[in-house]
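Numbering (this note's numbering), first residue to last: 717 to 898.
Positions of the beta carbon are idealized from the N, C-alpha and C atoms, including for glycine.
Structure, as structure tokens:
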């Protein structure tokens, strides 16, 4: 009913559904138990941004029809972060400042990850960006595995038709566990 009364409602609903899908993937315990991603708000936030980058990059490659969906996915992110901060007890006066920092983090990741995947050595450059942003360290033994997962995700989503991506009819690739001892 709302979709007929409010044409943008369906796209907003799709954007929020897509956000839910990428959050579900970002919360996969294997990232935290096997790949050493910090299992705290920062680590989870960075995993959400990583998956959001993959999705946003896929949708940005379309000539038409995805601008609003992309905006609604971002809106869902910041709405979720606002809610999370409030649940943690961050006061109303500080929420805007914190969300602004998160926005800067999102745009910084987009810039770094985009430059990396467009470079002559995407795996190497993306590994460096992942080490810096996800692990906050230059010495991150699992950064290359996560970068490989990102590249595989980008490739897999590229093969999914736009209507299926927008309708959340896709899966992220399997997560390949790091070799023991790394």
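Next on the checklist: Quick check on DSSP: helix, strand or coil for residue 658?
Outcome noted: Outside the shown range of the chain, which is 717 to 898, sits residue 658, and nothing can be said about it.
Item to check | Extent of the continuous alpha helix (DSSP H) run through residue 864 | outcome: 859–874
Item to check | Where residue 812 falls, given that 16 or more other Cβ within 10 Å makes a residue buried | outcome: exposed
Next on the checklist: So, for residue 737: in the same chain, excluding its five sequence neighbours on each side, which residues have a beta-carbon less than 7 Å away from its beta-carbon?
Outcome noted: 884
Checklist entry - Among the residues of its own chain, which have a CB less than 8 Å from the CB of residue 727, if the five just before and after it don't count? => result 784, 785, 788
Next on the checklist: Below 8 Å, how does it come out for the region 773–782 and the region 863–878: are there three or more Cβ pairs, yes or no?
Outcome noted: yes
Checklist entry - Nearest CA to the CA of residue 781: which residue from 724, 852, 845, 858? => result 724
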